[in-house]
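Undergrad:
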Amino acid sequence: MNISHIEHIGIAVSNLEESIHYYEEILGLKCYAIEEVVDQKVKTAFFLVGTTKIELLESTSPEGPIGKFITKKGQGIHHIAFAVNNATEALKLAKKRGVTLVDNQSRKGAEGLNIGFLHPKSTHGVLTELCSKQE
Ligand code: ZN
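With the working numbering applied, the sequence shown covers 27 to 161.
1) Return the chain-ordered list of same chain residues with a C-beta closer than 8 Å to the C-beta of C57, the five sequence neighbours on each side being excluded.
2) Since H47 is in the alpha helix (DSSP H), which residue starts that stretch and which ends it?
3) Quick check: does the Cβ of I141 come within less than 8 Å of any heavy atom belonging to the ligand ZN?
4) Over the uninterrupted alpha helix (DSSP H) stretch that includes G93, give me the two end residues.
5) Can you pull the DSSP bridge partners for S85?
6) Just to be sure I understand the criterion: a residue counts if its Cβ is closer than 6 Å to at least one heavy atom of the ligand ZN. Which residues meet that?
7) Touch check for the region 85 to 93 and the region 130 to 142: three-plus C-beta pairs under 8 Å?
Encoded structure:
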């Protein structure tokens, strides 16, 4: 799998602007990018903490995955993302090792990364993302 580090922690928020305010004004971090991922129905905001990012996720639709998550569980940590060499290969390997995948193939996520999710029922409750810079 070759995980090198925690690429980011995804946090579901109900209001991106208010959450950015907290991370900037209270924690003193700097939001360096805001990006909408249309097919995931989210608006994201990124902060860098060492080599790990915080990815805030605000749903643009109650029908999107983050919208559903917030309805069910409220705001909070949504997923953890590990950086791997090759997300496609890492997904295949996870599948071979018996993990249920959310994404059978990697796809484009925020920041142009190739990403894919492992299902929380196979990961002891943590929605897990694998991401890589290359395919
Ligand atoms: Zn993510």
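Quick reminder that beta carbons are idealized off the backbone N, C-alpha and C, glycines included.
TA: On the basis of the data shown:
1) I46, Y49, E50, A71, F72 and F73
2) L42 to H47
3) Answer for I141: yes, Cβ within range of the ligand ZN.
4) P91 to K99
5) V68
6) Neighbourhood of the ligand ZN, defined by CB distance below 6 Å to any of its heavy atoms: H34, G36, E81, H105, A107 and E155, in chain order.
7) With the cut-off at 8 Å, the region 85 to 93 and the region 130 to 142 do not touch.
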